[in-house]
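This report refers to the structure that appears directly beneath it.
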Amino acid sequence: MNIRDRIPRLPEIYADSNLNLLLRRAKENRTVDIEEYETTGGYSALKKALNRFRPEDIVALVEESTLRGRGGAGFPTGRKWRFALMNPQPRYLVCNADESEPGTFKDRIIIERDPHLLLEGMIISGYALQAKEGYIYIRGEYPAGYMILENAIQEAKERGYLGKNILGSGFSFDIKVYRGAGAYICGEETALLESLEGKRGHPRLRPPYPAQVGLYGRPTVVNNVETLSNIPIIVTYEAYFMNIGPAGFYGPKLFPISGKVNRPGVYEATMDITLQELIDMAGGMKDNKDVKAVFAGALGIYRKDELDTPMDYSPKGFGGTGTTIVLDEDDCIIDALTVITNFFHHESCGKCTPCRVGTYEQDVILKKLKEGKATEKDVEYLKHLSKNIPANSICGLGYSAPNAVADALEKFPEEFEAHLNKTCKRCFG
Ligand SMILES: Cc1cc2nc3c(=O)[nH]c(=O)nc-3n(C[C@H](O)[C@H](O)[C@H](O)COP(=O)(O)O)c2cc1C
Ligand code: SF4
Numbered sequence: 242m243n244i245r246d247r248i249p250r251l252p253e254i255y256a257d258s259n260l261n262l263l264l265r266r267a268k269e270n271r272t273v274d275i276e277e278y279e280t281t282g283g284y285s286a287l288k289k290a291l292n293r294f295r296p297e298d299i300v301a302l303v304e305e306s307t308l309r310g311r312g313g314a315g316f317p318t319g320r321k322w323r324f325a326l327m328n329p330q331p332r333y334l335v336c337n338a339d340e341s342e343p344g345t346f347k348d349r350i351i352i353e354r355d356p357h358l359l360l361e362g363m364i365i366s367g368y369a370l371q372a373k374e375g376y377i378y379i380r381g382e383y384p385a386g387y388m389i390l391e392n393a394i395q396e397a398k399e400r401g402y403l404g405k406n407i408l409g410s411g412f413s414f415d416i417k418v419y420r421g422a423g424a425y426i427c428g429e430e431t432a433l434l435e436s437l438e439g440k441r442g443h444p445r446l447r448p449p450y451p452a453q454v455g456l457y458g459r460p461t462v463v464n465n466v467e468t469l470s471n472i473p474i475i476v477t478y479e480a481y482f483m484n485i486g487p488a489g490f491y492g493p494k495l496f497p498i499s500g501k502v503n504r505p506g507v508y509e510a511t512m513d514i515t516l517q518e519l520i521d522m523a524g525g526m527k528d529n530k531d532v533k534a535v536f537a538g539a540l541g542i543y544r545k546d547e548l549d550t551p552m553d554y555s556p557k558g559f560g561g562t563g564t565t566i567v568l569d570e571d572d573c574i575i576d577a578l579t580v581i582t583n584f585f586h587h588e589s590c591g592k593c594t595p596c597r598v599g600t601y602e603q604d605v606i607l608k609k610l611k612e613g614k615a616t617e618k619d620v621e622y623l624k625h626l627s628k629n630i631p632a633n634s635i636c637g638l639g640y641s642a643p644n645a646v647a648d649a650l651e652k653f654p655e656e657f658e659a660h661l662n663k664t665c666k667r668c669f670g
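Numbering of the sequence shown is given in our numbering, commencing with residue 242 and proceeding in unit increments.
Here is the structure:
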């Protein structure tokens with residue numbers, strides 16, 4: 242049986258865009274095959290890159306584009322590439338498709354619906370970095386995505402876009418797909434590399450950075466799916482890319498939005514959009530209720546009076562992966578927080594004691610609060626944990642595990658009071 246016939250049915254996820262760049266094809270709920278991809282302009286950026294640009298020209302284009310990594314940290318992609326190029330061959334390119342943060346499902350849309358956009362981005366990036374091999378590390382819970390990528394790689398090889406001497410250019414590049422086993426920590430780039438090498442997914446100490454010592458000890462660029470999918474757009478548009486979006490944060494961005502909005506889904510917009518405008522794009526609030534809070538995935542909370550926050554990577558911007566979970570006036574912040582503290586407790590890899598034990602203690606206190614069994618002392622201890630888990634951890638999971646709790650303590654003290662006094666209507670009737 243052909244691999245295409247074995248691909249499970251895709252979930253119905255709404256997607257919309259008025260830019261039609263990253264979601265140009267992926268707006269529709271089906272997988273675009275190579276023929277449709279080619280007839281809608283696909284692989285023309287690769288041809289242009291190989292025919293008209295030297296590898297260093299592409300690196301310069303990406304630097305000028307100001308493209309920031311879409312995996313969460315917003316690190317400038319061109320700078321990361323330049324750093325890797327300072328280190329000798331062989332180099333690797335790794336695509337991070339682990340996408341495990343609560344509420345995040347933007348990369349999935351590209352992988353499942355427009356896989357050749359990602360492959361084209363990886364091949365051009367491989368050419369720019371003069372890498373011979375690329376890997377896609379995809380979360381185990383995306384079985385359809387895995388099969389779709391395997392099928393797309395086969396299609397690309399048959400047409401000469403992948404493999405030896407691509408389109409007669411002399412450049413050879415191959416891509417392999419590797420499935421994770423369901424650990425959030427394996428999205429952290431150094432844990433991902435350990436896992437890819439067949440080891441337990443524990444983060445490495447940095448420095449050295451992956452661009453210096455990465456996969457199998459070689460210089461490695463790790464980039465997110467959405468970041469790499471921007472590369473064909475940059476090569477196509479060149480300087481015109483700087484007309485898309487606000488200065489310094491050029492290019493399209495995907496925003497997965499869920500919770501109490503009328504049309505949850507993935508939206509493509511420029512980064513000058515505000516949180517309120519994104520909620521409006523998603524059809525506004527369900528049942529015309531008021532916004533109580535917006536969770537930035539598992540990593541922070543915004544209040545109703547902060548809905549003018551721009552969705553960019555500036556110090557006051559929303560940043561991260563752009564993941565937005567909307568709570569309405571009837572939702573309970575403590576209830577929502579218990580999901581998050583439970584997530585971090587479950588996902589801490591256990592390498593550092595403050596993260597392993599601290600995320601457990603956070604979770605225990607949140608459960609006590611929800612059940613009306615917590616004391617003032619517990620809340621004081623939560624504040625202590627919020628400072629001390631990040632200060633004594635070695636990776637981004639530990640740095641950010643208490644962020645949502647710390648935001649809630651600062652921005653919603655009345656919710657803690659309502660659980661100490663058992664007056665929360667939702668939890669205590
Ligand atoms: C706990 C943790 C989980 C992460 N998960 C992902 C992920 O699923 N996908 C991703 O692209 N980046 C993830 N990151 C960020 C990566 O470490 C890395 O910064 C990113 O892949 C770099 O790509 P970019 O520069 O294109 O954003 C995670 C980081 C941490 C600390
Ligand atoms: S901070 Fe937490 S997740 Fe990161 S290495 Fe330490 S224990 Fe593991």
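Glycine residues also receive a C-beta, built at the ideal position from the N, C-alpha and C atoms.
CB of Gly344 within 7 Å of CB of Asn465, strictly: no
Exposure label - Leu456; buried when at least 16 CB within 10 Å: buried
Rounded C-alpha distance that separates Tyr554 from Gly315: 7 Å
Boundaries of the beta strand (DSSP E) in which Ala256 is found, first to last residue: Ala256 to Ser258
Inter-stretch contact at 8 Å, needing at least 3 Cβ pairs: the region 339-357 / the region 318-327: no
Buried or exposed (CB count within 10 angstroms, at least 16 for buried), Asn644: buried
Length-filtered (4 minimum) alpha helix (DSSP H) runs lying within the region 278-334: 285-293, 296-306 and 318-326
Distance cut-off 6 Å: Gly639 Cβ against heavy atoms of ligand 2: yes
Under 7 Å between C-beta atoms of Leu568 and Ser641: no
Start-to-end residues for the alpha helix (DSSP H) that takes in Ala577: Ile574 to Glu588
Which listed residue (Ala647, Arg420, Ile475 and Met552) has its alpha carbon closest to that of Asn337: Arg420
Where the alpha helix (DSSP H) containing Phe669 begins and where it ends: Lys666 to Phe669
Which of helix, strand or coil DSSP assigns to Thr515: strand
Every unbroken alpha helix (DSSP H) within the region 376-421, with a cutoff of 4 residues, ordered by chain: 384-399
Closest by C-alpha distance to Thr477, when choosing among Asn270, Gln453, Phe294 and Leu433: Phe294
Whether Arg504 touches Gly524 by CB criterion (7 Å): yes
Arg332 classed as buried or exposed, judged by whether at least 16 other C-beta atoms fall within 10 angstroms: buried
Assigned exposure category for Lys494 - 16 Cβ within 10 Å defines buried: buried
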